[in-house]
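Numbering (my numbering), first residue to last: 4 to 219.
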């Protein structure tokens, strides 16, 4: 597989279809997960102060973290639509309405798996100190606008996403603490998500939750 093929393998099907058909924007039904990571800033500052050695250590940790998380997300049928600071926004397209319950349950399970793997990033011993990363996640679903911007013959084309689910997922994340996955009550009730309700219409997912339906 050449570099171009490797790059395309990370591009969501929805975007490839839009580009091939010359479609600039389109709405899709999606599950949106907003994952915010804590501990990066302090770790980056301390390791950066060590010069090249610290920079190499930081790069190694970041590569390990993102490789692990993206692999889990892709295996669960999702893709990272945006990186921003210490956070990433993950999308799981719902391509068939008849499969929406399973898709939502599976996306919740996928994000729980991310939390489970965070144990690999606890008490990391380096010459610059011992560091731990934490994550809290919010999940919502609904109609999302996919938009391709930039000129066709330029490298700088971007894939933009917008819609109410992005705001709702970020709001859900704000209702959690490190180690938790929070979903909207609408998702919890309609998809039989195991857990407990928290304030303002959000729901804390039980870490042991697994999809109750098999893949169609």
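C-beta atoms are modelled at their ideal positions from N, C-alpha and C, and glycine is treated no differently. Here the structure is a predicted model, which means the values were calculated and not measured.
| query | result |
| --- | --- |
| Enumerate in chain order the residues of its own chain whose CB-to-CB distance from residue 187 is below 8 Å, with the five nearest sequence positions on each side excluded. | 142, 143, 144, 171, 175, 204, 205 and 206 |
| Would residue 112 and residue 95 qualify as a contact pair, given that the criterion is a beta-carbon distance under 8 Å? | no |
| Can you tell me where the alpha helix (DSSP H) with residue 171 in it begins and where it stops? | 167 to 177 |
| Pairing CB atoms from the region 76 to 95 with CB atoms from the region 29 to 41, are three or more of them under 8 Å? | yes |
| Determine the closest residue to residue 202 out of 177, 35, 134 and 130, with distance taken between C-alpha atoms. | 177 |
| For residue 181, I'd like the list of residues in its chain whose CB is within less than 8 Å of its CB, leaving aside the five on either flank, ordered along the chain. | 41, 137, 138 and 139 |
| Near residue 72, which residues of its chain fall below 7 Å by C-beta distance, leaving aside the five closest residues on each side in sequence? | 117 |
| Going by other Cβ atoms of all chains shown within 10 Å of its Cβ, with 16 needed for buried, is residue 122 buried or exposed? | exposed |
| Would you list, in sequence order, the uninterrupted beta strand (DSSP E) runs of no fewer than 3 residues that lie entirely inside the region 59 to 140? | 82 to 87, 90 to 96, 127 to 129 and 132 to 134 |
| Quick one: is residue 163 buried, meaning 16 or more other Cβ sit within 10 Å of its Cβ, or exposed? | exposed |
| Which word fits residue 55, buried or exposed, when buried means at least 16 other C-beta atoms lie within 10 angstroms of its C-beta? | exposed |
| When burial is assigned at 16 or more other CB atoms within 10 Å of the CB, is residue 66 buried or exposed? | exposed |
| Within the same chain, show all residues whose beta-carbon is closer than 7 Å to that of residue 20, passing over the 5 residues directly before and after it, in chain order. | none |
| Looking at the structure shown, is residue 48 part of a helix, part of a strand, or coil, going by DSSP? | helix |
| Throw me the rounded Cβ distance for the residue 149 and residue 31 pair, which I believe falls under 8 Å. | 6 Å |
| What residue from 210, 146 and 215 has the CA that sits closest to residue 120's CA? | 210 |
| Nearest-angstrom Cα distance between residue 24 and residue 151? | 12 Å |
| For residue 190, name the three-state secondary structure that DSSP assigns. | helix |
| Reducing DSSP to helix, strand and coil, say where residue 204 ends up. | helix |
| Would you report the Cα separation of residue 189 and residue 173, rounded to the nearest angstrom? | 15 Å |
| Where does residue 215 sit, in a helix, a strand or coil, going by DSSP? | coil |
| My guess is that residue 76 and residue 93 are in contact by the Cβ rule of under 8 Å, so how many angstroms apart are they, rounded? | 6 Å |
| Using the C-alpha atoms, what's the distance from residue 212 back to residue 97? | 20 Å |
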